[in-house]
Structures are given as C-alpha cells and as structure tokens.
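Novice: When we follow full-length UniProt numbering, the leftmost residue of the sequence shown carries the number 1, and every step to the right adds one.
Glycine included, each C-beta is placed from N, C-alpha and C at the ideal position.
Given the structure is predicted, the values throughout are model-derived calculations rather than measurements.
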Amino acid sequence: MDVPGLEFEARPPSQYAFDFPDSECEGWSTDRLTLRFASVRGAKHRYYRQPRQDAARAAVHEATGSIVFAVADGVSSAAESHQGAVEACRAAIERILHLLDQGQGRLDGSDVAAHAAQRLRELARWRLGVPAPQLAEVTRLYATTLVAGAVRATGDALEAELFRIGDSGAWLLDRAGGSYHPLFGGKAAPGAPLVSNEVSPLPLVPEHLETAVRRLAEPWTLIIGTDGFGDPLGEGDGRVGELFARQLASPPPPLWLGHVLDFSRETFDDDRTLLAIWPRAEGPR
Numbered sequence: 001m002d003v004p005g006l007e008f009e010a011r012p013p014s015q016y017a018f019d020f021p022d023s024e025c026e027g028w029s030t031d032r033l034t035l036r037f038a039s040v041r042g043a044k045h046r047y048y049r050q051p052r053q054d055a056a057r058a059a060v061h062e063a064t065g066s067i068v069f070a071v072a073d074g075v076s077s078a079a080e081s082h083q084g085a086v087e088a089c090r091a092a093i094e095r096i097l098h099l100l101d102q103g104q105g106r107l108d109g110s111d112v113a114a115h116a117a118q119r120l121r122e123l124a125r126w127r128l129g130v131p132a133p134q135l136a137e138v139t140r141l142y143a144t145t146l147v148a149g150a151v152r153a154t155g156d157a158l159e160a161e162l163f164r165i166g167d168s169g170a171w172l173l174d175r176a177g178g179s180y181h182p183l184f185g186g187k188a189a190p191g192a193p194l195v196s197n198e199v200s201p202l203p204l205v206p207e208h209l210e211t212a213v214r215r216l217a218e219p220w221t222l223i224i225g226t227d228g229f230g231d232p233l234g235e236g237d238g239r240v241g242e243l244f245a246r247q248l249a250s251p252p253p254p255l256w257l258g259h260v261l262d263f264s265r266e267t268f269d270d271d272r273t274l275l276a277i278w279p280r281a282e283g284p285r
C-alpha cells in the first residue's frame, strides 16, 4: 500500500515461542451478530525473530447469545509480553462470562481488569518462584494493553460495552459513509505538536478506567484494533481507512481478513490485530 516495506521471507521466532503462531484468524456468527478477527506478526518481529506480541480472543455467552471479546498488545519492553497478552485476553473473557452468568447489569470493567492483572501476577509468581512479586517485576515480564467487553441484546437493541487499558483503540465504522468514529481518545493530546507513545499497561489498573457504551445497529460495525492497525488508520480518511471501509462493508472470510490486515506499508512494521462485530440483519439460519 502506497510505498511498501522491504520484502523478505519471515524468520522463525525463538525456539520456545512455538506456541505463538505468526498469524491467527477467527470467524463465526450467532443469530444476531457476526464476528471476525485476525492477528498478524509485524515485519519488525518477523525480521528480528521475535514472536507476535498481539492477541485476540472471543467467545459466545450461551445463555444470552452475547459476544465477549478481548484484544491485547504486549508492551515491547516486557520480556514475555506475548504471554502477557494472551493470558490477559483469556482472563478477561473468563471473567466477563462469569459476570454475565451472574446477570450483572453494566459490566464492571474494573473487576475484569483486576482479574486480568491478577492472572499476570500469578504468571510472574510461577516464573520467578516468589510468593508475591512486585508490580515492577510483573510489568517487566508481562506488561500488556487490553481492550475487552461484550456486545449483547438489551430488549430489541444491541449494545456494545467495553473498556481499555493502554493505547489500543476502538471505533464504530459507518459502512454507509466509510467514516470511523473513535470510542476512546487518541494518542495526541488536543493542541499537542507531538504524539505520545507512553503507555500505562496492565498489570496496572487505573483508578478511573476508560469505558464506552454504544448502540450497535445497521450500518455500523464495531472495530477493536491494536496500534499496529490504529496508527496507519489515523483519522480513517487515508488509504488504509478506505481499504478497510471497503473490505469491512460486509463480513469477509476470516482468512481474507488476515490477508488484508497483513498489508505492507513503509514505516508501519508493528504487529496488527483487528476484531470486528457486525449486527446481522437476517434472522437465524
């Protein structure tokens, strides 16, 4: 896309990163919702033999038909951030499913985030062989961003509830107009000449969590993405925005989404993860 990055054959990650494949994709539908996600290793990690540090997971809550999701981006300075990203997603999904089983009204994002942070502390305790690792030790090993939530029915409407820790993003894509509406603030502060890359990731749980609640209806699609997608997307009015507005006009085959997400563009070499949820116009099949 535009000026491509260098072309080369991907190199394998280190021998003990075999459980973290170069690419993953997923796709399925419930009676009312369709889900797709893909996660691909960036050019930098392919070249320097590092594993993909992004992760995504999704599940259906059987009793309600809700879709529960989590997307994480392991912080590059953390030694085992690829493991932290996967475990944060798993812990968030497990906790949200539990809360839905309890019939909770609004999702308690702080509860979910605390559960994910506790999972990272447990990992660090096992890895370091100490009963109570310090926050700095957990961060040094497993720091990761996290966006998690659920799309569920409230009466006849569909509603998305989500929270984030760190700088991964979420948008509503207006498929009719091709515009992207961010659900969280961007990296650049209003009026600031520079973009900040500073991240406050898990295992730190902020006192005031960023949350969003939005109705999901035609022609809108909910999109969750790590900054490997969000940075080249920008405001959504460039080539990347045009490409994905076109490709997400309807749910693509999961493998095709992974292929499109793996575009080559000069200077954008980070891992990329994109999760999208569409409302289904037709009834159950």
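Taking 8 Å as the cut-off, decide whether the C-beta atoms of E210 and F229 are in contact.
Specialist: Along the sequence shown, read from residue 1 onward, the residue named residue 210 stands at position 210. Along the sequence shown, read from residue 1 onward, the residue named residue 229 stands at position 229. In this structure, F229 does not lie closer than 8 Å to E210 by Cβ.
Novice: By Cβ distance below 6 Å, which residues in the same chain neighbour A56 in space, the five residues on each side in sequence not counted?
Specialist: Position 56 of the sequence shown, counted from the first residue, corresponds to residue 56. Correct list, in chain order: F37, S39, V71, T273 and L275.
Novice: Determine the extent of the beta strand (DSSP E) in which S39 is found, giving its start and end residues.
Specialist: Along the sequence shown, read from residue 1 onward, the residue named residue 39 stands at position 39. Unbroken beta strand (DSSP E) run through S39: L33 to V40.
Novice: Could you give the distance in angstroms between the alpha-carbon of G241 and the alpha-carbon of P131?
Specialist: Residue 241 sits at position 241 when you count from the first residue of the sequence shown. Residue 131 sits at position 131 when you count from the first residue of the sequence shown. Each residue's Cα considered, the two are about 47 Å apart.
Novice: Does the contact criterion of 3 or more C-beta pairs under 8 Å hold for the stretch 245-262 versus the stretch 24-37?
Specialist: These segments touch.
Novice: Of the choices A113, Q83, L233 and E94, whose alpha-carbon is the least far from that of P51?
Specialist: By 1-based counting over the sequence shown, the position of residue 51 is 51. The candidate whose alpha carbon is nearest that of P51 is Q83.
Novice: Can you check whether the CB of A91 is closer than 8 Å to the CB of residue 286?
Specialist: Only positions 1 to 285 of the chain appear in this structure, which leaves residue 286 out of reach.
Novice: Roughly how many angstroms lie between the CA atoms of G109 and F163, to the nearest whole one?
Specialist: Position 109 of the sequence shown, counted from the start, is the residue given in the question as residue 109. Position 163 of the sequence shown, counted from the start, is the residue given in the question as residue 163. G109 and F163 have their C-alpha atoms some 6 Å from each other.
Novice: Report yes if the CB atom of F263 is closer than 8 Å to the CB atom of D231, and no otherwise.
Specialist: Stepping through the sequence shown from its first residue, residue 263 is reached at position 263. Stepping through the sequence shown from its first residue, residue 231 is reached at position 231. No.
Novice: Can you round the beta-carbon distance between T144 and A88 to whole angstroms, since I take them to be within the 8 Å contact cut?
Specialist: The residue labelled residue 144 in the question sits at position 144 within the sequence shown. The residue labelled residue 88 in the question sits at position 88 within the sequence shown. Right, the Cβ-Cβ distance comes to about 5 Å (below 8 Å), so this counts as a contact.
Novice: Determine the burial state of Y142: buried for a count of at least 16 other Cβ atoms within 10 Å of its Cβ, exposed for fewer.
Specialist: Numbered from its first residue, the sequence shown carries residue 142 at position 142. Buried.
Novice: Going along the chain, which unbroken runs of the beta strand (DSSP E) with 3 or more residues stay wholly within the stretch 188-253?
Specialist: 210-215 and 220-225
Novice: Answer yes or no: do A148 and V112 have a C-beta to C-beta separation smaller than 8 Å?
Specialist: Along the sequence shown, one-based indexing puts residue 148 at 148. Along the sequence shown, one-based indexing puts residue 112 at 112. Contact flag set, yes.
Novice: Between S168 and D270, which are expected to be in contact by the criterion C-beta below 8 Å, what is the C-beta distance as a whole number of angstroms?
Specialist: Taking the first residue of the sequence shown as 1, we reach residue 168 at position 168. Taking the first residue of the sequence shown as 1, we reach residue 270 at position 270. 11 Å between Cβ atoms; not a contact.
Novice: State the Cα-Cα distance for the pair T34 and A212, rounded to the nearest angstrom.
Specialist: The residue you call residue 34 lines up with position 34 of the sequence shown. The residue you call residue 212 lines up with position 212 of the sequence shown. Distance between the alpha carbons of T34 and A212 is about 20 Å.
Novice: Going by the CB atoms, is the gap between P201 and G225 shorter than 8 Å?
Specialist: Looking up residue 225 in the sequence shown gives position 225. Looking up residue 201 in the sequence shown gives position 201. Not in contact: G225 and P201 (Cβ atoms no closer than 8 Å).
Novice: For S81, which of helix, strand or coil comes out of DSSP?
Specialist: Translated into the one-based positions of the sequence shown, residue 81 becomes position 81. Three-state DSSP puts S81 in a helix.
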